[in-house]
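J.: I have a structure I would like to understand better, so I am pasting it below and will then ask my questions one at a time.
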Amino acid sequence: MSSKKRIAVIPGDGIGKDVIPQAVRVMQAAGAAVDLTLFDWGADRYLADKTTVPPDGFTMLARDFDAILAGAFGDPRVPSNIHAKEILLGMRFKMDLYANVRPVRLMDASLCPLKGVEPKDVDFVVIRENTEGVYGDLGGVFKQGTLDEIAIQEDVNTRKGVERIVRYAFEYCANQRKLDGSPRGRVLMCDKSNAMTHAGGLWQRVFKEVAAEYPKIETEHMYVDALCMQMVREPRPFDVIVTNNMFGDIITDLAAGLHGGLGMAASGNLHPGKTSMFEPVHGSAPPIAGKNIANPFGAILTAAMMLAHLGMKTAAEKIEGAVLEAVRQKKTTPDLGGTLGTREAGEWVAEKSSRR
Ligand code: NAD
Ligand code: IPM
Ligand code: MN
Numbered sequence: 005m006s007s008k009k010r011i012a013v014i015p016g017d018g019i020g021k022d023v024i025p026q027a028v029r030v031m032q033a034a035g036a037a038v039d040l041t042l043f044d045w046g047a048d049r050y051l052a053d054k055t056t057v058p059p060d061g062f063t064m065l066a067r068d069f070d071a072i073l074a075g076a077f078g079d080p081r082v083p084s085n086i087h088a089k090e091i092l093l094g095m096r097f098k099m100d101l102y103a104n105v106r107p108v109r110l111m112d113a114s115l116c117p118l119k120g121v122e123p124k125d126v127d128f129v130v131i132r133e134n135t136e137g138v139y140g141d142l143g144g145v146f147k148q149g150t151l152d153e154i155a156i157q158e159d160v161n162t163r164k165g166v167e168r169i170v171r172y173a174f175e176y177c178a179n180q181r182k183l184d185g186s187p188r189g190r191v192l193m194c195d196k197s198n199a200m201t202h203a204g205g206l207w208q209r210v211f212k213e214v215a216a217e218y219p220k221i222e223t224e225h226m227y228v229d230a231l232c233m234q235m236v237r238e239p240r241p242f243d244v245i246v247t248n249n250m251f252g253d254i255i256t257d258l259a260a261g262l263h264g265g266l267g268m269a270a271s272g273n274l275h276p277g278k279t280s281m282f283e284p285v286h287g288s289a290p291p292i293a294g295k296n297i298a299n300p301f302g303a304i305l306t307a308a309m310m311l312a313h314l315g316m317k318t319a320a321e322k323i324e325g326a327v328l329e330a331v332r333q334k335k336t337t338p339d340l341g342g343t344l345g346t347r348e349a350g351e352w353v354a355e356k357s358s359r360r
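Residue numbers (my numbering): 5 to 360.
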């Protein structure tokens, strides 16, 4: 039997189709022992035959693969966004990938819009709850199209869901180190419990209870509005941030702005022991799709994160080192100040990864 890890590759839509091939070539150049299977799930397939996820698609992914590498989903030809919801949110919800881990790491001072901020100053992670909150599609509309129309979007927070994501954040803090090798030491919980008292109350209680089990880890709380301000004024103190699904979505785009923009941000959708899914934080960026200008580094760093998760630390380090080198030498796409195309930036990193 092959010892290679089985990876399902789903490029999806828009720039997903530009950047994922680069992530694939870099993994191969770095010598990662992976066996790749390509899936055409996305807008083109949906428009052709109305399939979003084939029958038993999630069961098949969980059974036949060690991990999934996805691009992005979203296409102007599908205004309902139904395929993206069923594929992307489907994987997160139906495969119960409850922890969305989004590292925020500044590789080079030139990538940060803040004055005087060095790479060591921005090295934190957002642990986003990924299966509940306002994303559950619970609610409905009443008297649609009339002046009395009512739209209700429920915010679901379960004891089990909140506890497992908070615990995940404490475990991450206890076990993961910063890039410079120093230990992590602080978990910050972000909510809006001054206004959303029911959900916030549950998060507050659970956070205190779980924190008591980790006496060596410092804790802190911030309302999400204040956190946004702090993130752009003074990002240095952030370490591990845990928050709900929607706040996590918003603050990770904001945080991406601290380390080079959406083109640099990686993420993993995890459930320890289950087949997990890895995707860049960015979307399908339709205006720049197919033009060979999208930054492939977020997807490439996502592939490295996946390899590290699967135990291939050497290949992951080769890839991260090669991206760091590319950033320092400005072998990048225009969003990072370079002159390379998507393919050329991918090729440069692949070449470097193969030599390291
Ligand atoms: P987006 O992330 O696609 O783009 C936001 C901005 O960042 C745009 O200016 C875009 O050009 C830029 N950008 C994003 N990735 C880049 C890259 N790799 N290189 C250079 N520039 C990059 O977000 P959006 O415009 O709000 O959404 C577009 C579509 O993507 C929508 O359909 C949305 O629902 C979907 N979306 C999907 C995902 C996902 O599948 N994970 C995530 C976010 C948005
Ligand atoms: C993300 C995206 C998704 C989300 C969208 C496409 C539903 O913005 O992965 O950050 O909101 O989770
Ligand atoms: Mn988002």
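Built from N, CA and C at the ideal position, the CB exists for glycine as well.
#1: Tell me, to the nearest whole angstrom, how far the beta carbon of A33 is from that of S358; I am working on the premise that it is less than 8 Å.
#2: Are the region 95-114 and the region 266-276 touching, with three or more C-beta to C-beta distances below 8 Å?
#3: Going along the chain, which residues of its own chain have a beta-carbon closer than 7 Å to the beta-carbon of N134, five neighbours each way excluded?
#4: Around the Cβ of G111, are there at least 16 other Cβ atoms within 10 angstroms (buried) or fewer (exposed)?
#5: Restricting to Cα atoms, I'd like to know which of A47, S114, K98 is closest to R332.
#6: Is R168 helix, strand or coil by DSSP?
#7: Grab me the residues of A173's own chain with a C-beta within less than 6 Å of its C-beta, minus the 5 sequence neighbours each way, in chain order.
#8: With DSSP collapsed to three states, give me the class of C194.
#9: Output the residues surrounding the ligand MN, defined as those with a CB atom closer than 6 Å to any ligand heavy atom, in chain order.
#10: Just curious, the beta strand (DSSP E) that T306 is in, first and last residue?
#11: If we count the other Cβ atoms within 10 Å of its Cβ and call it buried at 16 or more, is I292 buried or exposed?
#12: The beta strand (DSSP E) with H225 in it runs from where to where?
#13: At a cut-off of 7 Å, would you count L92 as near the ligand NAD, judging by its Cβ distance to the nearest heavy atom?
#14: Kindly indicate the opening and closing residues of the alpha helix (DSSP H) around Q26.
#15: On the three-state DSSP scale, how would you describe R132?
#16: Going by beta-carbon coordinates alone, are N85 and G78 separated by less than 8 Å?
#17: Which residue spans inside the region 226-298 form an unbroken beta strand (DSSP E) run of at least 3?
#18: Is F242 near F62, with beta carbons less than 8 Å apart?
#19: Does the Cβ-Cβ distance between A52 and R81 come in under 8 Å?
#20: Going by DSSP, which residues form a beta bridge with G342?
#21: Whose CA, out of L328, K295, T150, A199, lies closest to the CA of G20?
#22: Below 6 Å CB to CB, which residues in the same chain sit around T41 once its five sequence neighbours on both sides are set aside?
#23: Measuring from the CB of P117, is there a heavy atom of the ligand NAD at a distance below 7 Å?
#24: Where D125 and R10 are concerned, what is the direct C-alpha to C-alpha distance, given to the nearest angstrom?
#25: Is Q157 helix, strand or coil by DSSP?
#26: Take E136 and list the residues in its own chain whose beta-carbon comes closer than 7 Å to its own, dropping the five residues that flank it on each side.
#27: Go ahead and pull the three-state DSSP assignment for R163.
#28: Once DSSP output is grouped into helix, strand and coil, what is the label at G204?
T.: Inspection of the coordinates gives the following:
#1: Counted from its first residue, the sequence shown places residue 33 at position 29. Counted from its first residue, the sequence shown places residue 358 at position 354. Sure, about 4 Å apart at Cβ, within 8 Å.
#2: yes
#3: The sequence position of residue 134 within the sequence shown is 130, counting from 1. These residues qualify, in order along the chain: R96, L101, Y102, A103, N104, N249, N273.
#4: Walking along the sequence shown from the start, residue 111 turns up at place 107. Rather than Gly, the amino acid found at residue 111 in this sequence is Met. Under this definition M111 is a buried residue.
#5: The residue given as residue 332 occupies position 328 in the sequence shown. Comparing Cα positions, the closest option is S114.
#6: The sequence position of residue 168 within the sequence shown is 164, counting from 1. Residue state, collapsed to three classes: helix.
#7: Taking the sequence shown and counting its residues from 1, one reaches residue 173 at position 169. If we look at A173 and ignore the five residues flanking it on each side, its Cβ neighbours are I131, V191, V244, V246.
#8: Taking the sequence shown and counting its residues from 1, one reaches residue 194 at position 190. Note: C194 maps to strand in three-state DSSP.
#9: D253, D257
#10: The count along the sequence shown starts at 1 and reaches residue 306 at position 302. Premise fails: T306 lies in the alpha helix (DSSP H), 301-313, not in any beta strand (DSSP E).
#11: For the purposes of this step, residue 292 is taken as the residue at position 288 of the sequence shown. I292 should be labelled buried.
#12: Here the question's residue 225 lines up with position 221 in the sequence shown. That run of the beta strand (DSSP E) goes 222-227.
#13: Locating residue 92 in the sequence shown gives position 88, counting from the first residue. True, at least one ligand heavy atom lies under 7 Å from that Cβ.
#14: In the sequence shown, residue 26 corresponds to position 22, counting from 1. In the DSSP assignment, Q26 falls within the unbroken alpha helix (DSSP H) covering 20-33.
#15: Translated into positions along the sequence shown, residue 132 becomes position 128. Strand.
#16: In the sequence shown, residue 85 corresponds to position 81, counting from 1. In the sequence shown, residue 78 corresponds to position 74, counting from 1. Yes, the Cβ-Cβ distance between N85 and G78 is below 8 Å.
#17: 244-247, 270-274, 280-284
#18: Looking up residue 242 in the sequence shown gives position 238. Looking up residue 62 in the sequence shown gives position 58. No, the Cβ-Cβ distance between F242 and F62 is not below 8 Å.
#19: Along the sequence shown, read from residue 1 onward, the residue named residue 52 stands at position 48. Along the sequence shown, read from residue 1 onward, the residue named residue 81 stands at position 77. Not a contact, by the Cβ cut-off of 8 Å.
#20: Stepping through the sequence shown from its first residue, residue 342 is reached at position 338. Answer by DSSP bridge pairing: none, since G342 is not bridged.
#21: Taking the sequence shown and counting its residues from 1, the one referred to as residue 20 is at position 16. Comparing Cα positions, the closest option is K295.
#22: In the sequence shown, the residue the question calls residue 41 occupies position 37. So the list reads A12, once near-sequence residues are dropped.
#23: Reading the sequence shown from its first residue, position 113 is the one you call residue 117. False, no ligand heavy atom lies under 7 Å from that Cβ.
#24: Counting from 1 along the sequence shown, the entry for residue 125 is found at position 121. Counting from 1 along the sequence shown, the entry for residue 10 is found at position 6. Taking the straight line joining both Cα atoms gives about 36 Å.
#25: As a working note, residue 157 is residue 153 in the sequence shown. The three-state reading of DSSP puts Q157 in strand, counting E and B together.
#26: Here residue 136 corresponds to residue number 132 of the sequence shown, with the count starting at 1. The answer, listed in chain order, is V160, N161, T162, G165, N249.
#27: Here residue 163 corresponds to residue number 159 of the sequence shown, with the count starting at 1. Helix, per DSSP.
#28: Translated into positions along the sequence shown, residue 204 becomes position 200. G204 falls in the helix class under three-state DSSP.
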